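Below is one structure, written out as structure tokens, with a few remarks after it.
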Amino acid sequence: MAKDLKNLAQAEFDTLIARVKEENPNLYLFLVDFVNKKVSLEEAEAFEKMDSELKQLYLKNYKARS
230 MAKDLKNLAQ AEFDTLIARV KEENPNLYLF LVDFVNKKVS LEEAEAFEKM DSELKQLYLK
290 NYKARS
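230 is the number of the first residue of the sequence shown in the numbering used here; add one for each residue after it.
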């Protein structure tokens, strides 16, 4: 699923986001919270640095922020 996000057409991007929302709803919530500035850049960078197991655990327990 490695895509070059800079070269995606809008329809492809929408399809990719819909797939993420369906297959991993907590990742989708994390992304939405990041876009809405409820997750800081520092938090997103810390998430990126986590190993795969920690990422899975983090997302499994992630709750959308109000």
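Each residue gets a CB set at the ideal place from its N, CA and C atoms; glycine is no exception. This structure is a prediction, so every number in the text was calculated from the model and none was measured.
Excluding the 5 residues flanking it on each side, Y257 has same chain C-beta neighbours closer than 8 Å at I246, V249 and K250, in chain order. For F276, the CB contacts under 7 Å within the same chain, skipping 5 residues up- and downstream, are K284 and Y287 in chain order.
Rounded to whole angstroms, the gap between the alpha carbons of F242 and F259 is 17 Å. The three-state reading of DSSP puts D262 in helix, counting H, G and I together.
Annotated three-state conformation of V268 is coil, per DSSP.
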